[in-house]
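Using our numbering, you'd call the opening residue of the sequence shown number 2 and step up by one each time.
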Amino acid sequence: MITELKTFLAVAKYKSFAKAGEHIGLSQSAVSAQMQRLEQALSRTLFDRGPKSIWLNDAGWLLIPEAESIIRQWSKIRDESVKDTGTLRIGSIHSVQTSFVTPAITRFIHQFPQWKIQVIPDISISLLSKIEAGELDAAILIKPSFALPEHLIWKSISEEPFCLIVPGETDSEAWKSYLQTFPFIRYYKGSFGGRIVDTFLNKHDIPVQEVIEIDDIQSMVDLVRRGHGVALVPWPHDTPEGCTCISLGQLTFYREIGIVFPRQSPKRTHVDCFVSSITNITTRFKQSK
Numbered sequence: 002m003i004t005e006l007k008t009f010l011a012v013a014k015y016k017s018f019a020k021a022g023e024h025i026g027l028s029q030s031a032v033s034a035q036m037q038r039l040e041q042a043l044s045r046t047l048f049d050r051g052p053k054s055i056w057l058n059d060a061g062w063l064l065i066p067e068a069e070s071i072i073r074q075w076s077k078i079r080d081e082s083v084k085d086t087g088t089l090r091i092g093s094i095h096s097v098q099t100s101f102v103t104p105a106i107t108r109f110i111h112q113f114p115q116w117k118i119q120v121i122p123d124i125s126i127s128l129l130s131k132i133e134a135g136e137l138d139a140a141i142l143i144k145p146s147f148a149l150p151e152h153l154i155w156k157s158i159s160e161e162p163f164c165l166i167v168p169g170e171t172d173s174e175a176w177k178s179y180l181q182t183f184p185f186i187r188y189y190k191g192s193f194g195g196r197i198v199d200t201f202l203n204k205h206d207i208p209v210q211e212v213i214e215i216d217d218i219q220s221m222v223d224l225v226r227r228g229h230g231v232a233l234v235p236w237p238h239d240t241p242e243g244c245t246c247i248s249l250g251q252l253t254f255y256r257e258i259g260i261v262f263p264r265q266s267p268k269r270t271h272v273d274c275f276v277s278s279i280t281n282i283t284t285r286f287k288q289s290k
């Protein structure tokens, strides 16, 4: 009815179907048909019609301010829809970008095609600092061992068990023996994941012969495959070629992956949609395993 209301205001202004039609690019009969549809929709007559002229009746005069208000509101809604553009800045640890982040981006862009996504890779502790500094809108990271500030929201999306990855093929389950006799490729101590590994080794008093320290899990796996040592890593989705993953049994420990974002943000609606996308992705991923 927006079109009919606009035509009605033109008729009210020019006091003629024909003159209104000239100004809005419609024939007199088209204007007349629109006004009949409007009257039918409102269940009221808006004009007194004479042989060669029309006049607004009382109902018609009362409709003018209402029609103007409706059109203003419609224009505002339409303009806001057109202006729904922006950039969502998402931080992410490297290891979940392919499995979780890229599918969530696809879902988000389908819902908000005018928006851009900027993905900033980093280690968890740096991502958390960027969230607190307002440099990111949300970040996927490893849950820290300390409590988060009240102004941040944490949503858990995945819990990943660690295993010992060793070069070659083996049926042995003696993971402690591997750790104590083979060179150790350490998960970077400055990262949240590395701190989890360090806590595990200290708790169980397991000495290691550290030769390499690195923060990229895929690089750690590749170094193991090349025979440089063994490593404690989150259990891979697929066992890497040339390696064996050994369970830690009852001593298995985990890292929790989640998404963190500010409680208050001008982009909160869009952040919530991205969070919903990534939680749906991870739920489906868990069900498929």
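All C-beta atoms in this analysis are idealised placements derived from N, C-alpha and C, irrespective of residue type, glycine included.
Distances from the CA of SER277 to each of PHE109, PRO208 and HIS229 were compared; the closest alpha carbon is that of PHE109. Taking C-beta separations shorter than 8 Å and ignoring five residues to either side along the sequence, the partners of PHE163 in its chain run ILE197, VAL198, PHE201, LEU233, VAL234, PRO235, TRP236, LEU249, THR253, PHE254, TYR255 and ARG256, following chain order.
Taking the Cα of LYS177 as reference, the smallest distance to any Cα among LEU57, HIS205, LYS117 and VAL212 is reached at HIS205. Taking 8 Å as the cut-off, the Cβ atoms of LEU149 and ILE247 do not count as close. For GLN119, DSSP records a beta bridge to ARG90. Within the same chain, Cβ atoms closer than 8 Å to the Cβ of VAL212 are found at PRO184, PHE185, ILE186, HIS229 and GLY230, the five residues on either side in sequence being excluded. DSSP links SER157 through a beta bridge to GLY259.
Judged by pairs of C-beta atoms under 8 Å, the stretch 85-103 does not touch the stretch 49-63, as fewer than three such pairs exist.
Beyond the five residues adjoining it in sequence on each side, PHE193 comes within less than 8 Å, by CB distance, of ILE124, SER125, ILE126, LEU142, ILE143, LYS144, PRO145, SER146 and ARG256 in the same chain, given in chain order. Comparing alpha carbon positions, the residue from TYR188, SER17, HIS238 and LYS268 closest to GLY51 is SER17. The Cβ atoms of SER100 and GLY259 lie no closer than 8 Å to each other. Nearest to LYS268 by alpha-carbon distance, out of SER33, ILE3, LYS117 and ARG38, is LYS117. Within the model, the alpha-carbon separation for TYR179 versus VAL167 is close to 8 Å. In the structure shown, GLN265 adopts coil according to DSSP, grouped into three states.
Rounded to the nearest whole angstrom, the CA to CA distance from LEU47 to ARG38 is 11 Å. In its chain, beyond the 5 residues on either side, ASP138 and VAL272 have a beta carbon closer than 8 Å to the beta carbon of SER266. When only Cα atoms are considered, LYS190 and HIS111 end up about 39 Å apart. If you check the CB distance, ALA21 and THR8 come in under 8 Å.
In the DSSP assignment, the residues bridged to VAL234 are CYS164. Approximately 7 Å separates the beta-carbon atoms of GLY61 and ALA13; this is inside 8 Å, confirming the contact.
In terms of Cα proximity to GLY135, the closest of PHE262, PRO66, ARG227 and ALA42 is PHE262.
Non-local beta-carbon contacts of SER28 in its own chain, meaning distances under 6 Å to residues more than five positions away in sequence, involve GLY22 in chain order.
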